[in-house]
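K.L.:
Let me give you the structure first, and then I'll get to my questions.
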Amino acid sequence: MLSLNKLRLNLTLMNTAVLIGLSVFVAVSLYLTINMDMESGVSNNLEIYCSQLANNVEQLQTQQEGGTVAPETQKGYQEFKDTLVHNSIAFTIWDDAFNVMDKSESQPLNQDQLFRLINRYFSGNRDKYLISDYETDDNNLKICTYVTVSKDGEMRVVQAMKNMDTERGVLKNAVRMILIVVLAGATLSLLCGYFLSGRALVPVRKSMDQQREFLADASHELRTPIAVIQTNLEVVKASGDETVESQSTWLDNAYDETKRMHHIVEDLMFLARADSGDVHFEPAPVDIGYLIMEVTERFIPMAAQKSITILSKVPMEELNVMGDEKQLTQLMVILIDNAIKYTEPGADERNKTIVVQAERIEEGIEICVTDKGIGISKEEQEKIFQRFYRVDKVRSRAEGGTGLGLSIAYWIVQKHKGIIRVESEENVGTKMIIVFPSYEGPKEANE
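Per full-length UniProt numbering: the sequence shown = residues 1 to 447.
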């Protein structure tokens, strides 16, 4: 049980770790994607703004030289600068002597700082635009430096810059929210995973309990005949001067117990192979009616020893099912053997008749084994297919029962896609009912 709890905890932690890993991977990927898109978007916008500012250089030069500029042009330029202010874009335009031709009212950097960026542009930049990240104590800027040449051949430098604090603040908030979601998801996964793993381990725990009970019962069942054999052989050993014939009672007892052990071991081996899926299964059409008559005939001598009559009632038609003939024979042997064991030897003739019948019904082929034995109570009927369960343990041991027969019968019926149920009343009798799917055989081609 401790190992199952440890397994449950390990499964929960593993699932939670996988979820956290996936969440972190998604969060990091999302962060990098959003950050790259944001940085790329701002850089592209700054390049566009620089290009548009460069288009107005001629207008600025004309105004500085005292020339006349059309009012519409002036108005358009002013509206463009208002747009830059609205988008928190600062700018500076320089002439070839590095005098300021125009600039925004808000300037996050002084001229010396801007000059250093211009020098960087000329010292190593091979692109048309130089995008730079510039951090100060108060600002986190992205700056675009662009050089153009006027129609007179004079150089002009345009710089546009944007404070990235707002965008990066939004990104940090998004990361914070993602972390909160990841932690909440991990907590929820831990709780749900622990609950669901517990649900998933229910059949495992049940199987382990059944296996533990099975081993305990098997040990108990084998311990009894071993003790009987040992006791009887010790009696024989203590009487060393006696003949074998005089010790036949003790030897017969030991021999009977070895046969009982043999039956137990055979049944245990069958169930072990059944649990592991190693039981050989050869499906073929089997006439259940013929099989019932054949098995019933075998039990007539055994039943006669207890003055029990066995009747088989099957129709003349074939009652074919698809199955393994050996296993179906074993099934009928178990049911008829149980019916004989639990029929009272002192009952009147009418109550000492076992009827084995088969017929075709709408659901398939129905087999019934009916006896007038001791019967089974309602409470016991739910347990009779459990391994080592016996309604009357004393009587079962006296009759050589192992408590495994009906477990094997149940497995065989399930293997053949059938249904098995019991109808019984204490001191009245028992009726075991089995229904198998009928097999009609391959249809003729001309049908």
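Note that beta-carbon positions come from the ideal geometry of N, C-alpha and C, so glycine has one too.
Does the pairing of the stretch 206 to 220 with the stretch 39 to 49 give three or more beta-carbon distances under 8 Å?
P.N.:
no
K.L.:
Within its chain, find whatever has a CB closer than 7 Å to the CB of L114; leave out the 5 residues flanking it on each side and keep chain order.
P.N.:
T92, Q159
K.L.:
On the premise that F388 lies in contact with L406, defined as a C-beta separation below 8 Å, what is that separation, rounded to the nearest angstrom?
P.N.:
Rounded, the Cβ-Cβ distance is 10 Å, inconsistent with contact.
K.L.:
Does DSSP put G429 in a helix, in a strand, or in coil?
P.N.:
strand
K.L.:
Which residues in the same chain have their Cβ closer than 6 Å to the Cβ of I131, if we skip the five residues on either side of it in sequence?
P.N.:
Correct list, in chain order: S43, C144.
K.L.:
My understanding is that V435 touches E363, with C-beta atoms under 8 Å, so please give their C-beta distance in whole angstroms.
P.N.:
5 Å
K.L.:
Pull the bridge partners of F91 from the DSSP assignment, please.
P.N.:
Looking at the DSSP assignment, F91 forms a beta bridge with A160.
K.L.:
For S312 versus I376, is the C-beta distance shorter than 8 Å?
P.N.:
no
K.L.:
Please classify E366: does DSSP put it in a helix, a strand, or coil?
P.N.:
strand
K.L.:
Do you know how far the Cα of A254 is from the Cα of Q230?
P.N.:
It is roughly 8 Å from the alpha-carbon of Q230 to the alpha-carbon of A254.
K.L.:
What's the gap between the Cα of residue 448 and the Cα of Y49?
P.N.:
What the structure shows of the chain is the stretch from 1 to 447, and residue 448 is not part of that stretch, so it cannot be assessed.
K.L.:
Starting from the C-beta of N427, find all residues in its chain whose C-beta is less than 8 Å away, skip the five residues before and the five after it, and write them out in chain order.
P.N.:
I374, G375
K.L.:
With a cut-off of 8 Å, do at least 3 Cβ pairs link the stretch 22 to 30 to the stretch 181 to 189?
P.N.:
Flag = yes, the stretch 22 to 30 and the stretch 181 to 189 touch.
K.L.:
Can you grab the Cα-Cα spacing for the pair R168 / L117, in whole Å?
P.N.:
22 Å
K.L.:
Please look up how many angstroms separate the CB atoms of A409 and I419, rounded, as I've assumed it's under 8 Å.
P.N.:
So it is not a contact: roughly 12 Å between Cβ atoms.
K.L.:
Rounded to a whole number of angstroms, what is the C-alpha to C-alpha distance between K326 and F214?
P.N.:
25 Å
K.L.:
Which full runs of the alpha helix (DSSP H) of 4+ residues lie inside the stretch 248 to 314, going along the chain?
P.N.:
For the stretch 248 to 314, whole alpha helix (DSSP H) runs of length 4 or above, ordered along the chain, are 248 to 276, 288 to 305.
K.L.:
Between N140 and P108, what straight-line distance do the alpha-carbon atoms span, to the nearest angstrom?
P.N.:
10 Å
K.L.:
Is the beta carbon of T68 closer than 8 Å to that of Q59?
P.N.:
no
K.L.:
For H416, count neighbouring Cβ atoms within 10 angstroms of its own Cβ and tell me buried if that reaches 16, exposed if not.
P.N.:
buried
K.L.:
For Y389, which three-state DSSP category applies?
P.N.:
coil
K.L.:
What is the DSSP secondary structure of M208, reduced to helix, strand or coil?
P.N.:
helix
K.L.:
Just the Cα atoms here: how many angstroms apart are I300 and I384?
P.N.:
25 Å
K.L.:
Relative to the C-alpha of V355, which residue among I365, T343, I361 is closest?
P.N.:
T343
K.L.:
Going by alpha carbons, who is nearest to L196 out of T243, Q414, R8?
P.N.:
R8
K.L.:
Within this structure, are the beta carbons of L331 and I412 separated by less than 8 Å?
P.N.:
yes
K.L.:
Can you look up K103 in the DSSP assignment and give me helix, strand or coil?
P.N.:
strand
K.L.:
For L233 and Y439, what's the separation of their Cα atoms in angstroms?
P.N.:
53 Å
K.L.:
Given E447, which residues of its chain have a CB within under 8 Å of its CB, disregarding the five upstream and five downstream residues?
P.N.:
Because E447 carries a pLDDT of 43, less than 50, the predicted location of this residue cannot be relied on, and the following value inherits that uncertainty. So no residue of the chain qualifies.
K.L.:
Can you check DSSP and say which residues form a bridge with D137?
P.N.:
BP columns for D137 are empty, so no partner.
K.L.:
Y146 bridges to which residues according to DSSP?
P.N.:
Y129, V158
K.L.:
Would you call M432 buried or exposed, if buried means 16 or more other Cβ atoms sit within 10 Å of its Cβ?
P.N.:
When all chains shown are included, M432 counts as buried.
K.L.:
Quick one: grab the DSSP three-state call for residue 464.
P.N.:
In the structure displayed, the chain extends from 1 to 447; residue 464 sits before or after that span and is not available.
K.L.:
With a threshold of 16 other CB atoms inside 10 Å of the CB of I310, please say whether the residue is buried or exposed.
P.N.:
buried
K.L.:
Please work out which residues of its chain come closer than 6 Å, Cβ to Cβ, to M164, disregarding the five sequence neighbours upstream and downstream, and give them in chain order.
P.N.:
N140, K142
K.L.:
What does a CB cutoff of less than 6 Å around S29 pick up in its chain, not counting 5 residues either side in sequence?
P.N.:
none
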